[in-house]
Structures are given as C-alpha cells and as structure tokens.
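Comments concern the structure below.
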Amino acid sequence: DFVTIASTGDAADFGDRANNIHSSTRTAVNSTTRGIIGGGYNPSPGVMVNIIEQLTIATTGDTTDFGDMTSPRNNLGGLSSNTRGVFYGGSGQSPTPNVNIIDFVTIASAGDATDFGDLIGDVSLFGNCATSNNIRGVAAGGDTQPGNAYTNTIQFITIATTGNASDFGDMLSAGAYRGATSDSHGGLSE
80 DFVTIASTGD AADFGDRANN IHSSTRTAVN STTRGIIGGG YNPSPGVMVN
130 IIEQLTIATT GDTTDFGDMT SPRNNLGGLS SNTRGVFYGG SGQSPTPNVN
180 IIDFVTIASA GDATDFGDLI GDVSLFGNCA TSNNIRGVAA GGDTQPGNAY
230 TNTIQFITIA TTGNASDFGD MLSAGAYRGA TSDSHGGLSE
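Below you can see the structure in the form of structure tokens.
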C-alpha cells in the first residue's frame, strides 16, 4: 500500500510482493527513488530467507528481485542513506540462530549484499528501532538472544564506510519493538 504524505487519506494499492514471505519479520530501506525490502520468514517450509526485493517509489507495481543478503534471517533492522541500504542483526536459522552481522547494498544498483561489519557483542539483536540521516545510522534497544533480554544500548555506524558498530550511549530504559524517527539533527525513540 502507499499514501501521499502531503495529503491526508486512506492508503491505496501499490502492488504485490514477488515472494510469499511473512511481512512482519522483514525490513525495508530506501533512497528517494527506490525501496528495498530484505529478509523474512517463509512459513512454508518454515525457513528464514535472504531475499532482497526492490520497487520504484514513484510508480506502482509489484516488487522485483534485487539480490540476496549475506545470510538468511528475519526480525532484522534496516537503515539507509540515499546511496546505501544497511541490514543488521536479526534471528538466523539453526544452527546459527544468533546474528550480529551488518551487511549493505548500493540502492541504485541491484546485486547481492556485502559484509559491512558486526554489531556490538556476540549476540543476536532484533526488535530494535533504527533511524538515520545520510551520514550516520543509529540502532536503539532490542531483544538480545540467547537470553531473551531487552537492552538499552544505542549503537551507531557511519553509513558511507564499512566497519563494526560503536557505542553511542544508552536509552533511559531497556526495551524492544519500539519505533524511531529523526530529522538531520536529532532522533526520537519510543
């Protein structure tokens, strides 16, 4: 579905996903022209997927294949600049259910994701909220596995360069499954 942000009104049909993947476990990144959707869970046969799909924001229509992530996972996070989309964390498929990896794609050109670095610590992080501008991406909180414990950690990356995430600070309280938004000056999480 889509809405025109400048005017109020109900959503309208945009198109369909090319793959039958459970939508609540995927993530999306975008530039001003293209939307990229990655990861997810295929309920039949019950496996995580590494599929990346794309759509052109200005025109309606179904998604098409973009490439693959570096590993299959769901419940992952995403953030982007106008040039690069970054996928991070998530739940992996057994025997490697803990995923702390970060990978990226160049939004303007289709292709497989490339390794970016790792999140802080050797844990799987999912259910976190992320926000970004064209320079820095920030991920706050999340559900850490194994252990099923919420965290208050905020970590960041510089989107244009690869490398591991760094500590940014802490949220006031630990939490997961929240939302985030920002302008180019500050960010809010709830």
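My numbering puts the first residue of the sequence shown at 80, with every later residue one more than the last. Backbone N, C-alpha and C fix where the C-beta goes; we use that ideal spot for every residue, glycine too.
Asked	Found
In the DSSP output, which residue or residues are listed as bridge partners for residue 109?	114
Across the stretch 205-212 and the stretch 144-163, are there enough close Cβ pairs to call them in contact, namely three or more that are closer than 8 Å?	yes
Where does residue 243 land, buried or exposed, given buried means 16+ other C-beta within 10 angstroms?	exposed
Does the distance from the CB of residue 180 to the CB of residue 232 come in under 8 Å?	no
Within this structure, are the beta carbons of residue 112 and residue 136 separated by less than 8 Å?	yes
What number of angstroms, rounded off, separates the C-alpha of residue 222 from the C-alpha of residue 81?	29 Å
Taking the beta carbon of residue 160 as the centre, do at least 16 other beta carbons fall within 10 Å, making it buried, or is it exposed?	buried
Can you tell me which of the three DSSP states residue 104 falls into?	helix
For the stretch 180-254, which segments carrying the beta strand (DSSP E) assignment without a break, of at least 3 residues, lie completely within its bounds, in sequence order?	180-185, 193-197, 203-205, 208-211, 215-224, 228-237, 245-249
Let me make sure I understand the geometry here. Which of 85, 131, 262 has the alpha-carbon closest to that of residue 183?	131
According to DSSP, is residue 167 part of a helix, a strand, or is it coil?	strand
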